[in-house]
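Heads up: the sequence shown at position 194 corresponds to 272 in the numbering used here, and the numbers run straight through without jumps.
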Amino acid sequence: MKKKILSMLLAASMVATLGACGSNTDKASKTDKASSAEKKADDPVQTLIKNTKGTVDLTVWCSETEQYQNAMKEIVDSFKQKYSDVDFNITIGSESEANCKDDVLKDVQEAADIFIFPDDQLKGLVEAGALQSVDATYTYDPRETNSEMTVDAASMNGKLYAYPLTSSNGYFLFYDKNVFSEDDVKTMDGMLEKAAEKGKTVGMEVSGAWYLYSFFKGAGLDLDMNDDGTNSCNWNATDTKYKGTDVAKAITELCKNKAFKNCVNEDAQADALNGKMAADVNGTWATDAFKKAYGDGFAAAKLPTYTVNGDQVQMASFRGYKFVGVNAYSKQTGWAMLLAEYITSQENQTKIYEATGEGPANTEALKSASSPALDALDAQSQYAYLQRVGNEYWTPAASLGQNLVEGKYSDTQKLLDDAVKGITKKAS
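This is the structure in structure tokens:
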């Protein structure tokens, strides 16, 4: 099946021919009218409206969280009011960003016209022909309004394929400063010692592949995606400063500590809210819960160091962005692109930041966005790496993480060898 090609109708410029007769006032009046008509004819939004017949049906997929859903409804309602001459039927659907690519590619033609997804899914969506490239703009050029890093991440081979939305898709440490001092949170050992004294816990989803990366990369071991979509990974290395087995044993020792808890986001928030968990490795999306839990003690910092072979090693992290994509098979490509442009405008990126705590990609919006979470993310940025991994990474890495958490293995090297074999295998 051939990919639908975007065809946008742009009106030709009007050429005003003024007569030689009449007063100067008449001539000026005619010139102003002609100029106004020419400008209106050249306006791509007016051209889109003029060529729209009947109801414009659009579907938007965004995060299932209440904050995102409410913010998106407000944005969509504002869009409909702005273009009130057009009859819109816009549906907002709930879609996990983590699963967006897979759900879109199940049936691209039936997927949403517009969807929010993390940057590491861009390559797969582009290669599948699912994304409409940003070949035309209506009200501003996203290449000029967003940070260079987000524009580069939203591009492939020099072509922009999505609209940058947020620049804060990473993780750091939330903590209660009524429990921990700024010195305590510099090291995992310091936090665990203080947490044990206070009868509290420190959380992190070690069994999650996204967070497990933190330990290995921090210790100098690598994970990258090759051009063919496979992964290269040396987490089982035996000739590096810190061997893979050193890191694995350090993780297991950490998880044995009674003050440490391996937990997913929802459980961490629940434990913080009931007073049990005083610190957790998490992201901006969890800001509201930790603010509520810690009250005047709410604070955030870069990730701590952890102990490997007696050394303090700085934990690394993934850094990433979120984009708004337009389905290449949308039946309303022009309106889908205009709405995507509208969602990612400076005003609406600010609105999403205020609702969710996620940092804007828009450079002007980012200047006015300030919070402990964003400051912590910025502090972590020097130890953060762009998330570029193939699909084969996630399951073996999660399995490795679970084994390390439980400590249910006898041969550490074999455990790592098996994990790396799975991570680096070619997709079937």
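Positions of the beta carbon are idealized from the N, C-alpha and C atoms, including for glycine.
Inset, instruction - Identify which residue in Gly202, Val123 and Ile170 has its Cα closest to the Cα of Val509. - result: No answer is possible for residue 509: it lies beyond the span of the chain, which begins at 79 and ends at 506.
Inset, instruction - Apply the 10 Å Cβ neighbour rule to Gly236 and answer buried if 16 or more other Cβ atoms are within range, or exposed otherwise. - result: The sequence position of residue 236 within the sequence shown is 158, counting from 1. So Gly236 ends up on the exposed side.
Inset, instruction - Tell me the start and end of each unbroken alpha helix (DSSP H) in the stretch 120–145 that is at least 4 residues and wholly inside, in chain order. - result: 122–128
Inset, instruction - Inspect the CB distances between the stretch 430–447 and the stretch 238–247 and report whether three or more fall short of 8 Å. - result: yes
Inset, instruction - Would you kindly work out how many angstroms separate the C-alpha atoms of Asp230 and Leu464, rounded to a whole number? - result: As a working mapping, residue 230 is identified with position 152 in the sequence shown. As a working mapping, residue 464 is identified with position 386 in the sequence shown. Distance between the alpha carbons of Asp230 and Leu464: 11 Å.
Inset, instruction - Let me know if Glu205 comes out buried or exposed under the rule of 16 or more other beta-carbons within 10 Å of its beta-carbon. - result: For the purposes of this step, residue 205 is taken as the residue at position 127 of the sequence shown. Looking at its Cβ environment, which holds fewer than 16 other Cβ atoms inside 10 Å, Glu205 is exposed.
Inset, instruction - Identify, in the order they occur along the chain, each residue of the same chain with its Cβ nearer than 8 Å to the Cβ of Lys354, setting aside the five sequence neighbours on each side. - result: Taking the first residue of the sequence shown as 1, we reach residue 354 at position 276. Excluding residues within five positions, the ones whose Cβ falls inside 8 Å are Lys278 and Thr279.
Legend entry - Ala208 in three-state terms, based on DSSP: Locating residue 208 in the sequence shown gives position 130, counting from the first residue. In the structure shown, Ala208 sits in coil (DSSP, three-state: anything other than H, G, I, E or B).
Inset, instruction - Starting from Leu464, trace the beta strand (DSSP E) both ways and give me its first and last residue. - result: As a working note, residue 464 is residue 386 in the sequence shown. That run of the beta strand (DSSP E) goes Ala462 to Leu464.
Legend entry - For Asp267 and Thr385, the rounded distance between their alpha carbons: The count along the sequence shown starts at 1 and reaches residue 385 at position 307. The count along the sequence shown starts at 1 and reaches residue 267 at position 189. Approximately 8 Å, taken between the alpha carbons.
Inset, instruction - Please state if the CB of Lys276 and the CB of Val257 are separated by a distance shorter than 7 Å. - result: Numbered from its first residue, the sequence shown carries residue 257 at position 179. Numbered from its first residue, the sequence shown carries residue 276 at position 198. The answer is yes: Cβ separation under 7 Å.
Legend entry - Rounded separation between Asn405 and Ser423 - CA only: Locating residue 405 in the sequence shown gives position 327, where the first residue counts as 1. Locating residue 423 in the sequence shown gives position 345, where the first residue counts as 1. Roughly 19 Å between the two C-alpha positions.
Inset, instruction - Say whether the stretch 309–320 touches the stretch 393–413, bearing in mind that this needs 3 or more beta-carbon pairs closer than 8 Å, one atom from each stretch. - result: no
Legend entry - Sequence ranges, beta strand (DSSP E) only - wholly within the stretch 218–281, length at least 3: 241–244 and 250–254
Legend entry - Where the beta strand (DSSP E) containing Ser477 begins and where it ends: Counting from one through the sequence shown, the residue named residue 477 turns up at place 399. It is not in any beta strand (DSSP E) - Ser477 instead sits in the alpha helix (DSSP H) that spans Trp472 to Glu484.
Legend entry - CA-to-CA distance, Ala149 to Ser141, given in whole angstroms: Position 63 of the sequence shown, counted from the start, is the residue given in the question as residue 141. Position 71 of the sequence shown, counted from the start, is the residue given in the question as residue 149. For Ser141 and Ala149, the distance between alpha carbons rounds to 11 Å.
Legend entry - Close beta carbons around Tyr461, own chain, < 6 Å, minus the five adjacent residues each side: In the sequence shown, residue 461 corresponds to position 383, counting from 1. Here the set comprises Gln392 and Ala394.
Legend entry - Three-state secondary structure (DSSP) of Gln147: Position 69 of the sequence shown holds residue 147. Here Gln147 sits in helix by DSSP.
Inset, instruction - Can you grab the Cα-Cα spacing for the pair Glu175 / Ala273, in whole Å? - result: Your numbering for residue 175 matches position 97 in the sequence shown. Your numbering for residue 273 matches position 195 in the sequence shown. Computed Cα separation, rounded: 33 Å.
Legend entry - Beta-carbon contacts of Ala240 that lie in its chain and below 7 Å, excluding the five residues immediately before and after: Within the sequence shown, the letter at position 162 stands for residue 240. Answer for Ala240: Leu200, Leu209, Ala232, Phe401, Val402 and Gly403, listed in chain order.
Legend entry - Expected contact under 8 Å - CB spacing of Asp135 and Asn167 to nearest Å: As a working note, residue 135 is residue 57 in the sequence shown. As a working note, residue 167 is residue 89 in the sequence shown. With a Cβ gap of about 5 Å, Asp135 and Asn167 count as contacting.
Inset, instruction - For the stretch 330–348 and the stretch 480–487, state whether three or more C-beta atom pairs, one from each stretch, are separated by less than 8 Å. - result: yes
Legend entry - Length of the line joining the Cα atoms of Lys319 and Lys295: As a position in the sequence shown, residue 319 is number 241, starting the count at 1. As a position in the sequence shown, residue 295 is number 217, starting the count at 1. Cα-Cα distance, rounded: 12 Å.
Inset, instruction - Quick one: grab the DSSP three-state call for Asp104. - result: Position 26 of the sequence shown, counted from the first residue, corresponds to residue 104. Caution applies to Asp104, whose pLDDT of 48 falls short of 50 and renders its modelled position unreliable; the value that the coordinates give is listed next. DSSP places Asp104 in helix when its eight states are reduced to three.
Inset, instruction - Note down the Cα distance separating Met234 from Asp358, rounded to an integer number of angstroms. - result: As a working note, residue 234 is residue 156 in the sequence shown. As a working note, residue 358 is residue 280 in the sequence shown. Taking the straight line joining both Cα atoms gives about 35 Å.
Legend entry - Three-state secondary structure assigned by DSSP to Asp496: What you label residue 496 is simply residue 418 of the sequence shown in a count that begins at 1. If DSSP states are grouped into helix, strand and coil, Asp496 belongs with the helices.
Inset, instruction - Determine the direct distance from the alpha carbon of Lys409 to that of Leu87, and round the result to whole angstroms. - result: Indexing the sequence shown from 1 puts residue 87 at position 9. Indexing the sequence shown from 1 puts residue 409 at position 331. Bear in mind that a pLDDT of 34 at Leu87, under 50, signals an unreliable position, so the number given afterwards is only what the model happens to contain. Spanning the two alpha carbons is a distance of roughly 15 Å.
Legend entry - Cα-Cα separation, Thr428 to Tyr253: Walking along the sequence shown from the start, residue 428 turns up at place 350. Walking along the sequence shown from the start, residue 253 turns up at place 175. Looking at the two C-alpha atoms, the distance is approximately 25 Å.
Inset, instruction - Using beta-carbon positions only, say whether Pro438 and Ala451 come within less than 7 Å of one another. - result: Position 360 of the sequence shown holds residue 438. Position 373 of the sequence shown holds residue 451. No, they are not a contact pair.
Inset, instruction - Identify whether Lys111 lies in helix, strand or coil by the three-state DSSP scheme. - result: As a working mapping, residue 111 is identified with position 33 in the sequence shown. With a pLDDT of 45 at Lys111, under the threshold of 50, the modelled position of this residue cannot be trusted; read the value that follows with caution. Note: Lys111 maps to helix in three-state DSSP.
Inset, instruction - Please classify Leu301: does DSSP put it in a helix, a strand, or coil? - result: Translated into the one-based positions of the sequence shown, residue 301 becomes position 223. Reduced to three states, the DSSP call for Leu301 is strand.
Legend entry - Paired residues, beta bridge with Gln347 - DSSP: One-based indexing of the sequence shown puts residue 347 at position 269. In DSSP, Gln347 forms no bridge with anything.
Legend entry - alpha helix (DSSP H) runs wholly inside the stretch 352–402, at least 4 long, in chain order: 365–372
Legend entry - Enclosing beta strand (DSSP E) for Ser408 [first to last residue]: Numbered from its first residue, the sequence shown carries residue 408 at position 330. Careful: Ser408 lies outside any beta strand (DSSP E) and carries neither H nor E.
Legend entry - Exposure of Lys81, with buried meaning 16 or more beta-carbon neighbours within 10 Å: The residue labelled residue 81 in the question sits at position 3 within the sequence shown. For Lys81, the predicted structure reports a pLDDT of 40, less than 50, and the residue's modelled location is therefore unreliable. A value from the coordinates is still provided. With fewer than 16 Cβ atoms within 10 Å of its Cβ, Lys81 is classed as exposed.
Inset, instruction - List the endpoints of the continuous beta strand (DSSP E) containing Tyr441. - result: Taking the first residue of the sequence shown as 1, we reach residue 441 at position 363. For the record, residue 441 in the displayed sequence is Thr; it is not Tyr. Element bounds for Thr441: not the beta strand (DSSP E) but the alpha helix (DSSP H), Thr441 to Lys445.
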